[in-house]
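Report on the following structure.
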Amino acid sequence: MAKADEVAGVVLAAGAGSRFGMPKVLAEEGVWLRRAVTALADGGCDEVIVVLGAAVVDVPAPARAVVAARWADGMSASVREGLAAVGDAEWVILHTVDTPDIGADVIDRVLRSARDSGSGLARARYHGRPGHPVVVARRHLGALDGALHGDEGARAFLGGRDDVDSVECGDLATGLDIDVR
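Numbering-wise (my numbering), the sequence shown opens with residue 35 and increments by one.
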């Protein structure tokens, strides 16, 4: 049974960061990781989970770490590991470690939209460009898991639906995914 209105935030941080030159979880001596954890914790998450893989590091409080043993299989393995760790949370927020300018205000806005929309699905947009975070209600987790493959996270699942609430957040952050140093 899902815990009424409990929110679990998942930081996807397992990749090797091959284009970046190192695992992004290590970027700026862990600053990006701390920002992601703080954004989720301060943005409304009751629990924060960090999915690690290529580099296993201590995670900042209040987060806890899980390791995606198959992280090299791509983003889908990381998302699956994160979903398996959320327990009975009613809401899951997927966030990435390599979008360091996203703060608690973005997390809060997208979460509120998902709760209010009725669809239970919301995704941040930055000047019309889709990005993170993504919020998924528990009732959609099975379908999301079934759509995961390779190096894609929730993109295919979200792209095949017409009920995803698009939440403009370009006034709060760039939402840019940093791939190179």
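Here a beta-carbon is modelled for each residue, glycine too, at the ideal position from N, C-alpha and C.
Query: Express the C-alpha separation of CYS79 and ASP211 in angstroms, rounding to a whole number.; Result: 22 Å
Query: With DSSP run on the structure shown, which of helix, strand or coil describes SER200?; Result: strand
Query: Between MET109 and chain B, is there a C-beta pair that is closer than 8 Å?; Result: In summary, chain B is missing from the structure at hand, where a single protein chain is found.
Query: Tell me the start and end of each unbroken alpha helix (DSSP H) in the segment 135-161 that is at least 4 residues and wholly inside, in chain order.; Result: 138-151
Query: Give the single residue among SER52, ALA118, ALA103 whose Cα lies nearest to the Cα of VAL44.; Result: ALA118
Query: Return the CA-CA distance between GLY116 and TYR160, expressed in angstroms with no decimal places.; Result: 24 Å
Query: If you run the structure through DSSP and keep just helix, strand and coil, what is LEU46?; Result: strand
Query: Count the other CB atoms within 10 Å of the CB of GLY180; is the residue buried (16 or more) or exposed (fewer)?; Result: exposed
Query: Output the distance between the C-alpha atoms of VAL84 and VAL120, rounded to the nearest integer angstrom.; Result: 11 Å
Query: Cα separation between THR130 and ALA47?; Result: 6 Å
Query: Should GLY176 be labelled buried (16 or more other beta-carbon atoms within 10 Å of its own) or exposed?; Result: exposed
Query: In chain order, which continuous runs of the beta strand (DSSP E) of length 3 or greater are located wholly inside the segment 70-107?; Result: 81-86, 98-101
Query: Helix, strand or coil, according to DSSP, for GLY193 in the structure here?; Result: helix
Query: For THR208 and ASP135, which I take to be in contact (beta-carbon distance under 8 Å), what is that distance rounded to the nearest angstrom?; Result: 6 Å
Query: How many Å lie between GLY187 and SER147 at the Cα?; Result: 21 Å
Query: May I ask which residues mark the beginning and end of the alpha helix (DSSP H) holding ARG114?; Result: 109-119
Query: Within 10 angstroms of its Cβ, does SER52 collect 16 or more other Cβ (buried), or is it exposed?; Result: exposed
Query: In three-state DSSP terms, what is ARG53?; Result: coil
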